[in-house]
Amino acid sequence: MVEIWLMEIGKGVLWLFGQPLLYGAIIITMITSILRIKQERKTFGIRIFPIGSEWKGTWGITLAAGIVLSAGLIASGGVLPYSFFVWLGILTILFSITGRLFLSPAYIFGAAVLLLWISETFDLLPEEVIWLDRFNQISLPLLLMLLAILLIAEAVLAKTVRRNDTFPRLVKGKRGKFIGQHLVRKISVVPAFVPVPGGNVDLVWEWWPLFPLGNEGIGLMLVPFLIGFEQVFQGSFADEGAKKHGTWLIVLAIVIAGLAYGSLSFTYLIPAAAVLAIAGKLLIHLWIRFVDLEKVPLFSPEPEALPVLGVIPGSPADEMDLMAGEKIKKVHQIPVANEQEFYQALQKNRTYIKLEVLNLEGEPRFVQRAMYEGEHHELGLIFVKEKPKFKLYSVQDDKPDETNLDHVSEK
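Residue numbers (the working numbering): 6 to 416.
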């Protein structure tokens, strides 16, 4: 029996390289990264974050989620047909083809469950289509459980966002002044072993599988479930706002899990849970965005200090532990209030740098460091420019520019 399970696990791993979802995740990440870098160069004149930064800090969380998901599916015998993953891939493409990041499991799995329920209820599935084999046998309560688990993984991604890992942007505010924003964007995959029909594992227990697809043997397939999260903040610090978003996602996931359990007895809860997942995620997103827009922007020019909008990874500023949201008060004991004064003060000593910084609590602290040949001459700090030389967009524009992928900056 052990040899059979090991053989099925090996086959399941090989299946990973035949999964369109894996290559879709890579392509989506590449496209979003390239367009983000293009936007950074247009706004700030430099690339701030390298390509693939949307995956940074996600692997530990998604691997843990994958282990939990795999254990739950195998223990319960939640069998899914190959046709479902084709359907899931189609939905993922449709949700990402617009150029906006609607990759939350609330959207993709919610739509999958709702469409499957409609097709089963009204008998809309054509029997002659080969890739729809066993489609009408899929357990919709099982899909709702998967949705809840993946939604918790997305929530954990949101709650572990680090402030310096968010993407700074520059926009024109409601009063015509330029303000800074931070885009929180995470893309990752949750790799999970999913039982599929047609393998060599015999059905040796009467109670297993709980969600069968026939009486044949069962195999395993490693499936990379794609998840994504993004939100823009300008009146709140990005990490704090993302934590609130994550908290509400956990609440939504718990409610969905409760409805999924109830749907085992009351099938009318299935469409209700699917609609709630889609609407709930959208409302959380819009409400947090609305509350943030009502606040005073955190990143705007000030008369007596220079707010740090962003820090380039690996730069001298990063090594000096400077954080987005802190304010540069003095450089070499010289007061600075704008970017030009900052760079002029830097020229006073090109081999050594000493800054007086106001931390996030408004308390002064001093940071200093030797400068070496070849290092970033501007320390790697990103500021809100009073008169940017690059094309910007307004926060009220419906389509800021051709490179913007963020669907939350339309308000």
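C-beta atoms are modelled at their ideal positions from N, C-alpha and C, and glycine is treated no differently. These numbers come from a predicted model, not from an experiment.
**Message:** Taking 8 Å as the cut-off, does the region 259-273 touch the region 291-310 (at least 3 CB pairs, one atom from each stretch)?
**Reply:** no
**Message:** According to DSSP, simplified to helix, strand and coil, what is L303?
**Reply:** Indexing the sequence shown from 1 puts residue 303 at position 298. If DSSP states are grouped into helix, strand and coil, L303 belongs with coil.
**Proximity to G330 [Cα-Cα], best of A243, W20 and I79** = Locating residue 330 in the sequence shown gives position 325, counting from the first residue. The candidate whose alpha carbon is nearest that of G330 is A243.
**Prompt:** L227 lies in the beta strand (DSSP E); which residues open and close that run?
**Reply:** The residue you call residue 227 lines up with position 222 of the sequence shown. Looking at the DSSP string, the run of the beta strand (DSSP E) that includes L227 is I223 to F238.
**Message:** Using a Cβ-Cβ cutoff of less than 6 Å, which residues in the same chain neighbour V161 once the five nearest sequence positions on both sides are dropped?
**Reply:** By one-based count along the sequence shown, residue 161 stands at place 156. Correct list, in chain order: I66.
**Message:** Going by DSSP in three states, E309 sits in which element: helix, strand or coil?
**Reply:** What you label residue 309 is simply residue 304 of the sequence shown in a count that begins at 1. In the structure shown, E309 sits in coil (DSSP, three-state: anything other than H, G, I, E or B).
**Asked** Would you call W292 buried or exposed, if buried means 16 or more other Cβ atoms sit within 10 Å of its Cβ?
**Response** Locating residue 292 in the sequence shown gives position 287, where the first residue counts as 1. The residue in question, W292, is exposed, as its Cβ has fewer than 16 Cβ neighbours within 10 Å.
**Request:** Give the DSSP-derived three-state secondary structure of I184 in the structure shown.
**Result:** The count along the sequence shown starts at 1 and reaches residue 184 at position 179. In this structure, I184 counts as strand in the three-state DSSP scheme.
**Prompt:** Considering only C-alpha positions, which residue in the set W20, L363 and K191 is nearest to A197?
**Reply:** Within the sequence shown, numbered from 1, the residue matching residue 197 stands at position 192. Ranking W20, L363 and K191 by Cα distance to A197 puts W20 first.
**Request:** Could you tell me if T356 is buried or exposed, where buried requires 16 or more neighbouring beta carbons within 10 angstroms of its beta carbon?
**Result:** On the sequence shown, position 351 is the one that residue 356 refers to. When all chains shown are included, T356 counts as exposed.
**Item:** Cβ shell of V400 (< 6 Å), same chain only, five flanking positions each side left out
**Value:** As a position in the sequence shown, residue 400 is number 395, starting the count at 1. Note that V400 has pLDDT 45, beneath the 50 cutoff, so the model's placement of it is unreliable and no number is given.
**Prompt:** Taking DSSP as the reference, what is the three-state secondary structure of K417?
**Reply:** Outside the modelled stretch of the chain, which goes from 6 to 416, sits residue 417, for which no answer is possible.
**Message:** Quick check: what's the CA-CA separation for W92 versus R190?
**Reply:** The sequence position of residue 92 within the sequence shown is 87, counting from 1. The sequence position of residue 190 within the sequence shown is 185, counting from 1. Looking at the two C-alpha atoms, the distance is approximately 25 Å.
**Asked** For A247 versus I154, is the C-beta distance shorter than 9 Å?
**Response** Numbered from 1 along the sequence shown, position 242 holds the residue referred to as residue 247. Numbered from 1 along the sequence shown, position 149 holds the residue referred to as residue 154. Result no, Cβ atoms of A247 and I154 do not sit closer than 9 Å.
**Asked** Hey, I123 and F89: beta-carbon distance below 9 Å or not?
**Response** Residue 123 sits at position 118 when you count from the first residue of the sequence shown. Residue 89 sits at position 84 when you count from the first residue of the sequence shown. Not in contact: I123 and F89 (Cβ atoms no closer than 9 Å).
**Item:** Inter-residue spacing [alpha-carbon to alpha-carbon] between E324 and E125
**Value:** Taking the first residue of the sequence shown as position 1, residue 324 is located at position 319. Taking the first residue of the sequence shown as position 1, residue 125 is located at position 120. If you take the alpha carbons of E324 and E125, they lie about 57 Å apart.
**Request:** Would you check if there are 3 or more beta carbon pairs closer than 8 Å linking the region 110-117 to the region 73-87?
**Result:** no
**Item:** Cβ neighbours of I4 in the same chain (closer than 7 Å, five flanking residues each side left out)
**Value:** An answer regarding residue 4 cannot be provided, because it is not within the stretch 6 to 416 covered by the chain.
**Residue burial classification, G186 (beta-carbon count within 10 angstroms, cutoff 16)** = Residue numbering aside, residue 186 sits at position 181 when the sequence shown is read from its first letter. It should be pointed out that residue 186 corresponds to Gln in this sequence rather than to Gly. Buried: at least 16 other Cβ atoms inside 10 Å.
**Item:** Three-way DSSP call (helix, strand, coil) for G203 in this model
**Value:** What you label residue 203 is simply residue 198 of the sequence shown in a count that begins at 1. Looking at G203 - three-state DSSP - the assignment turns out to be strand.
**Prompt:** How is the beta strand (DSSP E) around K353 delimited, first residue to last?
**Reply:** The residue labelled residue 353 in the question sits at position 348 within the sequence shown. K353 -> no beta strand (DSSP E), and no H or E assigned at all.
**Prompt:** Around the Cβ of A117, are there at least 16 other Cβ atoms within 10 angstroms (buried) or fewer (exposed)?
**Reply:** Along the sequence shown, read from residue 1 onward, the residue named residue 117 stands at position 112. That one is buried.
**Asked** Roughly how many angstroms lie between the CA atoms of I79 and S193, to the nearest whole one?
**Response** On the sequence shown, residue 79 is found 74 positions in, with the first residue counted as 1. On the sequence shown, residue 193 is found 188 positions in, with the first residue counted as 1. In a straight line, the C-alpha of I79 is about 23 Å away from that of S193.
**Message:** Taking 9 Å as the threshold (C-beta atoms), are M226 and G57 in contact?
**Reply:** Position 52 of the sequence shown holds residue 57. Position 221 of the sequence shown holds residue 226. Taking 9 Å as the Cβ cut-off, G57 and M226 do not qualify as a contacting pair.
**Prompt:** So, helix, strand or coil for L215, using DSSP?
**Reply:** Position 210 of the sequence shown, counted from the start, is the residue given in the question as residue 215. In the structure shown, L215 sits in coil (DSSP, three-state: anything other than H, G, I, E or B).
**Message:** Considering Cα atoms alone, identify which of M12, Y348 and T165 is closest to K335.
**Reply:** In the sequence shown, residue 335 corresponds to position 330, counting from 1. Comparing Cα positions, the closest option is Y348.
**Asked** Considering Q373, what are the terminal residues of the alpha helix (DSSP H) in which it resides?
**Response** The count along the sequence shown starts at 1 and reaches residue 373 at position 368. First-last for Q373: P369 to A375, but that is the beta strand (DSSP E), not the alpha helix (DSSP H).
**For L351, the nearest candidate out of G319, R180 and G385 (CA to CA)** = The residue labelled residue 351 in the question sits at position 346 within the sequence shown. Nearest of G319, R180 and G385 to L351, Cα basis: G385.
**Item:** Beta-carbon proximity check, L26 vs L231, cutoff 9 Å
**Value:** Taking the sequence shown and counting its residues from 1, the one referred to as residue 26 is at position 21. Taking the sequence shown and counting its residues from 1, the one referred to as residue 231 is at position 226. In contact: L26 and L231 (Cβ atoms closer than 9 Å).
**Request:** Could you tell me how far apart the beta carbons of L314 and P173 are, in whole angstroms, since I believe they sit closer than 8 Å?
**Result:** Sequence index remark: in the sequence shown, residue 314 carries index 309 (1-based). Sequence index remark: in the sequence shown, residue 173 carries index 168 (1-based). Indeed they touch by this definition, with Cβ atoms about 5 Å apart.
**Request:** Would you give the residue range spanned by the beta strand (DSSP E) that L175 belongs to?
**Result:** The residue labelled residue 175 in the question sits at position 170 within the sequence shown. Run containing L175: F172 to K177, per the beta strand (DSSP E) assignment.
**Prompt:** If we ignore side chains and look at the alpha-carbon of each, how far apart do V417 and P146 end up?
**Reply:** A question about residue 417 goes unanswered here, because the residues of the chain that appear run from 6 up to 416.
**Request:** Answer with buried or exposed for E368, where buried requires no fewer than 16 other C-beta atoms within 10 angstroms of its C-beta.
**Result:** Counted from its first residue, the sequence shown places residue 368 at position 363. That one is exposed.
**Request:** Below 8 Å on the Cβ atoms is my guess for M328 versus L288; work out the distance and round it to an integer in Å.
**Result:** Here the question's residue 328 lines up with position 323 in the sequence shown. Here the question's residue 288 lines up with position 283 in the sequence shown. With a Cβ gap of about 31 Å, M328 and L288 do not count as contacting.
**Message:** Please tell me whether G233 and E307 are closer than 9 Å, where the distance is taken between their beta carbons.
**Reply:** As a working mapping, residue 233 is identified with position 228 in the sequence shown. As a working mapping, residue 307 is identified with position 302 in the sequence shown. No, Cβ-Cβ distance for G233 and E307 is not below 9 Å.
**Request:** Throw me the rounded Cβ distance for the M150 and A265 pair, which I believe falls under 8 Å.
**Result:** In the sequence shown, the residue the question calls residue 150 occupies position 145. In the sequence shown, the residue the question calls residue 265 occupies position 260. At roughly 5 Å, the Cβ-Cβ gap stays under 8 Å, so M150 and A265 are in contact.
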